[in-house]
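First comes the structure, then the notes that go with it.
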Amino acid sequence: MSGMDHRTKGLSEASADASAVSAVAARSSGTEDAGAPHFSRFSGWSEIEGDLLDDRRVCVPAFPLELLPPPWRDWSSDAARCADAPVDYVAQAVLAAIVGVCGPRVFLSIAPGWSEPLLLRLAVVGAASTGKTPALLSVRRLLAMLEREPSDDGGEPKRQIVLREARFEKMAATLARNPRGMLLWRDGAAGCLAPLGGGRSVRDLDPYAVSILGSMEPDCLVQSLPRGGDGLAARFLYAWPNPSPFRPLADRKPLRNEAVLILLRRLLQAIDTSSKPHVLSVDRSGAEAFDVFLARLDREIRQAEEPEAAWLGKGRGAVACLAGTFSLLRWSAANSDEPPRRIGLESMEHAVSLWSDYYRPHARAFLQRALPTDLECRARRVVRWLRADDRASLSREDVRRTALGQTVDAREADRVLARLVEGGVLRRLAANSRPQGGRPALRWQVNPLLTAAQA
375 MSGMDHRTKG LSEASADASA VSAVAARSSG TEDAGAPHFS RFSGWSEIEG
425 DLLDDRRVCV PAFPLELLPP PWRDWSSDAA RCADAPVDYV AQAVLAAIVG
475 VCGPRVFLSI APGWSEPLLL RLAVVGAAST GKTPALLSVR RLLAMLEREP
525 SDDGGEPKRQ IVLREARFEK MAATLARNPR GMLLWRDGAA GCLAPLGGGR
575 SVRDLDPYAV SILGSMEPDC LVQSLPRGGD GLAARFLYAW PNPSPFRPLA
625 DRKPLRNEAV LILLRRLLQA IDTSSKPHVL SVDRSGAEAF DVFLARLDRE
675 IRQAEEPEAA WLGKGRGAVA CLAGTFSLLR WSAANSDEPP RRIGLESMEH
725 AVSLWSDYYR PHARAFLQRA LPTDLECRAR RVVRWLRADD RASLSREDVR
775 RTALGQTVDA READRVLARL VEGGVLRRLA ANSRPQGGRP ALRWQVNPLL
825 TAAQA
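So the sequence shown is numbered by my numbering: it starts at 375 and just counts up by one.
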C-alpha cells in the first residue's frame, strides 16, 4: 500500500496544539529532561492525526527530487534555496514548464481507443510569505527567455508559451490564435480555482489546449472554490509542503539557468517545429506497469468517498500525462537527437510513484481542508466534544446520542468510531460482561494526549 493508504501520523509543526502534544509524548517516552515527571498513562498511544483537530493537517512527504534527471534536480534544489522556498514549488513549476513548452502538440497513445493530449493542472498551496511566488518566478523567467528568442530564421520570436490571465474572452481569442497550446499562469491572490475574469469558470477553458499552473492560500480555500467546486478541485495536482526551514545565506548558489534553458530549448525545437502532432506511445513494459496501477486504482475509487473519489477518478489521465512528461524530461537531459516516441517502464513507474506517494497525500490534505466529507466533519465534531467533556472512555451510544445529537444511526456511528480509531483518538477496550448476561458492552478509551495538549 502507498500514498494515502498509509496515513502519516502527526500534527503540523506550526500548531500550538501539536507542540503541546509533542511535549507530552516526549515526557511519556522518557526523551525529555530526566527530572521531569513521567506520564505513564500515555504509554502505547500514537500521535493524533492533525486533520482531526479542525485546523491542522497530516504531515505530507516532500517532493521526491530523485525522480528528476540530474540537470533539473540540481537546478530545482538551487532555485528553491535562492527563493527561500520548499523545493516542491519549484518542481511543480518545472513540470508545468515542460507541458507548457510541448503543449498538446504531444499526444499520448495509451491503448487502442485511448489517447490524451499532454496537459497538466498543477497548484501550489501555502500561506502568505512561504515562497510560492519567488519559486514560480524562477521558472517563469526561463520561459520568458524562450519567448523572447528569435525563430531559427531570425524572424519573429517563436511563440507565446505563457498565457497571462485576463477576461475569458481575451484569453479565448489568444488561445484560438495559438493552436499549439499554452500554459495559463495563475499566481494571483484569488487562487487558481477562482472564476476567470468575467465570471467564467476554469472549466470553460476545456475546449482549448491549455495547461494550468496556479497558487492558493489555505485560509482562502473555501472562498476560492465556486459552487460545485469539488469537481473542479479534482482536476488539479496539489503541492502543499511544510514551510521551508531556515537556510543560511552561504547555502545559496548562483543559478545556472543556461544549463536547463538548453534543455527547454531542445524540447521546443524538437516538438514545436513539426507540422504533425508528436505521438508518445506506451510500450509493453510501461503498459504492464500502468495496468497494475489501474487495477489498484479501480478498487480504491470504489471504496472512496467524495470528494476524494472524484480526485482519484482523474488519476488515470493524470498518471498518463505525468508519464509523458517524465519521458520528455529524460530525453531533454539525454544525448539522443530524436525526440522520444515511447513511454517506457521507468517513466511510467516514476509517474505512478509521484501520483501515489506524493500527490495523493497532498490532495487529501487539501480536500480535507477545503471540502471535508460528512464522515470527516462528524469525526471532528466528536473530537471537539471529547476535548470539552474530558472523559476517559465512551460508548457508541455516547457518540450517537450525545456527541452527534442523534443525527446518525448506529451504522454511521460505527463508521465515525472507526475513523477515530484510525486517527489515533480512540482505541477499543476489552469487552466487559454484563452482570445480567447478554452481549458485552463495547467501549473505547480516549487518547489522553487529546486533552493533555490543552492543559
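We put the CB at the ideal spot given by N, CA and C, even for glycine.
Looking at C-alpha atoms only, which residue of the options is the closest neighbour of residue i?
i    : options                : result
L520 : N552, D625, R640, A485 : R640
A518 : G500, L537, T507, R577 : L537
V584 : W614, N616, A550       : A550
L638 : W446, F437, D425       : W446
T504 : P491, G474, D458       : D458
E682 : L696, F610, S420, E523 : F610
A753 : L442, Q643, S655, E796 : E796
R716 : A624, K544, L702, R789 : L702
A644 : G500, A485, W488, P713 : P713
L623 : L823, P435, C456       : C456
Y481 : K506, A684, G691, P435 : Rather than Tyr, the amino acid found at residue 481 in this sequence is Phe. Ranking the options by Cα distance to F481, first place goes to G691.
N616 : R533, R626, K506, F542 : K506
F664 : P443, M722, R626, W559 : M722
L579 : L516, L654, L493       : L493
P438 : D731, G565, P486       : D731
E423 : R626, V757, R704, A678 : V757
Taking only three categories from DSSP, how would you classify residue i?
i    : result
E490 : strand
V757 : helix
L558 : strand
Y463 : helix
L511 : helix
V432 : coil
L611 : strand
V726 : helix
L803 : coil
V666 : helix
P524 : strand
K688 : coil
A644 : helix
L638 : helix
C566 : coil
I422 : coil
G798 : coil
K506 : helix
F700 : helix
F620 : coil
N631 : helix
V711 : According to the sequence displayed, residue 711 carries Asp and not Val. D711: coil per DSSP, three-state reduction.
R775 : helix
E680 : coil
Using DSSP bridges, identify the partner residues of residue i.
i    : result
V499 : M590
E655 : At residue 655 the sequence reads Ser, which differs from the Glu that was named. DSSP lists S483, R716 as partners of S655.
R541 : G571
P438 : Answer is none; P438 lacks a bridge partner.
L768 : W818
V536 : L557
V782 : Bridge partners of V782: none, in fact.
V584 : M556
For residue i and residue j, which I take to be in contact (beta-carbon distance under 8 Å), what is that distance rounded to the nearest angstrom?
i    : j    : result
Q819 : L800 : 7 Å
R495 : H652 : About 21 Å separates the two Cβ atoms, so there is no contact after all.
V468 : V513 : 6 Å
L816 : A805 : 6 Å
E490 : A725 : With 8 Å as the limit, E490 and A725 do not qualify as a contact, their Cβ atoms being about 12 Å apart.
G500 : W614 : 7 Å
A697 : G660 : 7 Å
L824 : L728 : 35 Å between Cβ atoms; not a contact.
A777 : R755 : 7 Å
A465 : L442 : 7 Å
R560 : L606 : So it is not a contact: roughly 13 Å between Cβ atoms.
D586 : M556 : The sequence given here has Ile at residue 586, not Asp. Contact flag wrong, Cβ pair sits at about 10 Å.
L671 : L686 : 6 Å
R774 : Q780 : 7 Å
A509 : A454 : 6 Å
N552 : R522 : Wrong, their Cβ atoms sit about 16 Å apart, outside the cutoff.
Within 10 angstroms of the Cβ of residue i, are there 16 or more other Cβ atoms? Answer buried if so, exposed if not.
i    : result
E440 : exposed
D452 : buried
G572 : exposed
N709 : exposed
G562 : exposed
S589 : buried
F700 : buried
D764 : exposed
V461 : buried
F740 : buried
Q742 : buried
A547 : exposed
C751 : exposed
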